[in-house]
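Each residue of the sequence shown is one higher than the one before, starting from -14 at the first, in our numbering.
Report on the following structure.
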Amino acid sequence: MFDIDAIRRQFPALQVPAAVYLDSAATAQKPKVVLDAIQSAYQQGHANVHRGNHQLTANATAAFEAARKTVQHFINATFSQEIIWTRGATEALNLIAQSYARPRLQPGDIILVGEMEHHANIVPWQMVAEQTGATIQKIPMSRDCQLDMAAFDALLTDKVKIVAVAHITNVTGTRQPIETLIQKAHEVGAIVVVDGAQGIVHENVDVQALDADFYVFSGHKLFAPTGIGVLYGKKALLDAMPPWHGGGKMVEKVSFSGTTFTGLPGKFEAGTPNISGAVALSTAIQWLSELDRDGAEAHILTLKDKAIAALSSLDDLRFIGLQTHSGVFSFVIDGIHYQDIAMLLDQQNIAVRAGNHCAHPLCDALNIAGTIRVSIALYNTEEDIDKFIAALTKACDLL
Ligand code: PMP
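This is how it looks when you write it as structure tokens:
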């Protein structure tokens, strides 16, 4: 049974009574077990991994590689070598663009990118398009922030080599039909890169069932520390990709006449990795896996429905997109700048996100400068929502 009081007690940062944190899509707070895992990684047996021959390094390496296996099982990857540690979703997307796409793309090739994507899933493709002469085409979105699947069908030709889309959109929380996108893209021989930065938080992801070619996410939105993330890729694709960063531990033999590289996953992990981050991510995943995740999602959706019902009665408030999935939703209030609202909410200890949410094209498509985004996590309470509604009502009255 999902017990909100027991959950909430596990988050030291949420023990400040007056504060309401509704910005978990930007980054989630951390449960004590994760904080403890970071500390113990440094305090008990800290050493570098895959280097040296003392017991400490053997222990650290074992914990680091066990963490990789935890991620493998969490997303049901076939092999642990398919899990590459990165700094986050952004770095993983850049790795794919530079190591998978750059050597393959040619002038005339097309990359399809969703119009509502986070900049992290647009800019790396623009950079590689510039480098290779390939072209980016956007998959347009409807007014309710869903991918226009008829337009996608029309754009999908054998010139399309890569389709890059978010599993769940960060501005509106809308889930995209990634299963259909993957199946259709594969029919024309394109590969699909799924940005799972938001999706991994709200769904049990099975990369084999999805048949995703690449799936990326950041640890920090999944209750783990910042600076650690995951690139999942199908082994055959990763095997065929050259390294991206060069340095220690990704090589077999270095000489001035040439260098040979090690295999997966090490060839993509040059330099000392974020060891404590990987271990703490695995702790976060274990913690999450022991929860009633369905109960947690049901709790989140109940809070969201409550918030949406209350907001619907506010004058001039417009929701952006459909509010059907995940704990994220966005709105604008006509005639009031989102910055002003966010400032007045902040003065009342309510943390929400206001702005364009690193999604300029989405805002442009809807002809808005930005939104107020509320993101509800499993540790939020009915009281949080009540305080938020009261604070927003007060802010609107003042403005
Ligand atoms: N994609 C989406 C959908 C996101 O929400 C975010 C984070 N806001 C990112 C990518 C980038 O994640 P990070 O900054 O952790 O690399």
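Ideal placement from N, C-alpha and C gives every residue a C-beta, glycine not left out.
Residue 280: member of the alpha helix (DSSP H) spanning 278 to 296, first to last residue.
For residue 362, the closest of 355, 370, 356 by C-alpha to C-alpha distance is 370. At a threshold of 7 Å, residue 341 does not count as near ligand 1, since its beta carbon sits no closer than that to any of the ligand's heavy atoms. Distances taken from the Cβ of residue 33 to the heavy atoms of ligand 1 include none shorter than 7 Å.
In this structure, ligand 1 has no non-hydrogen atom nearer than 7 Å to the beta-carbon of residue 311. Residue 15 carries a coil assignment under DSSP once its states are collapsed to helix, strand and coil. For residue 345, the closest alpha carbon among the candidates 83, 201, 102, 29 is that of 102. Just so you know, the alpha carbons of residue 108 and residue 266 end up roughly 27 Å apart. For residue 101, the three-state secondary structure derived from DSSP is coil. Only residues of its own chain outside the window of five on either side were considered, and among them 205, 206, 211 have a CB closer than 8 Å to the CB of residue 12, listed in chain order. With a threshold of 7 Å, the Cβ atom of residue 39 does not count as near ligand 1, since no heavy atom of the ligand is closer than that. Taking a cut-off of 8 Å for Cβ pairs, the stretch 306 to 314 and the stretch 148 to 161 touch, as three or more such pairs fall below it.
In this structure residue 73 is not in contact with residue 280, their Cβ atoms being roughly 28 Å apart against a cut-off of 8 Å. The stretch 136 to 143 and the stretch 79 to 99 touch, with no fewer than 3 CB-CB distances between them shorter than 8 Å. Contact between the stretch 293 to 308 and the stretch 121 to 138 is present: three or more C-beta pairs spanning the two stretches fall below 8 Å. Secondary structure at residue 122: strand, using DSSP grouped into helix, strand and coil. According to DSSP, residue 357 shares a beta bridge with 316, 339. Bounds of the beta strand (DSSP E) holding residue 200 are 199 to 203. In the DSSP assignment, residue 246 is bridged to 236. Comparing alpha carbon positions, the residue from 172, 167, 229, 224 closest to residue 200 is 167. The beta carbons of residue 202 and residue 218 sit about 13 Å from each other, so the pair does not count as a contact at 8 Å. Taken through DSSP and simplified to helix, strand or coil, residue 70 comes out as strand. Note that the stretch 105 to 122 does not touch the stretch 237 to 249; fewer than 3 beta-carbon pairs, one per stretch, sit closer than 8 Å. With a 10 Å radius around the Cβ and a threshold of 16 neighbouring Cβ atoms, residue 52 comes out buried. Between residue 326 and residue 380, the CB-CB gap stays under 8 Å. Cβ contact annotation for residue 22 (same chain, cutoff 7 Å, sequence separation greater than five): 264, 265, 268, in chain order. In the DSSP secondary-structure assignment, residue 6 is bridged to 336. Short of 7 Å from the beta carbon of residue 135, and not among the five residues preceding or following it, lies no beta carbon of its own chain. Set against 7 Å, the gap from the CB of residue 83 to the closest heavy atom of ligand 1 is not smaller. If you check the C-beta of residue 203 against ligand 1, you find a heavy atom less than 7 Å away.
The C-alpha of residue 92 is placed about 46 Å away from the C-alpha of residue 336.
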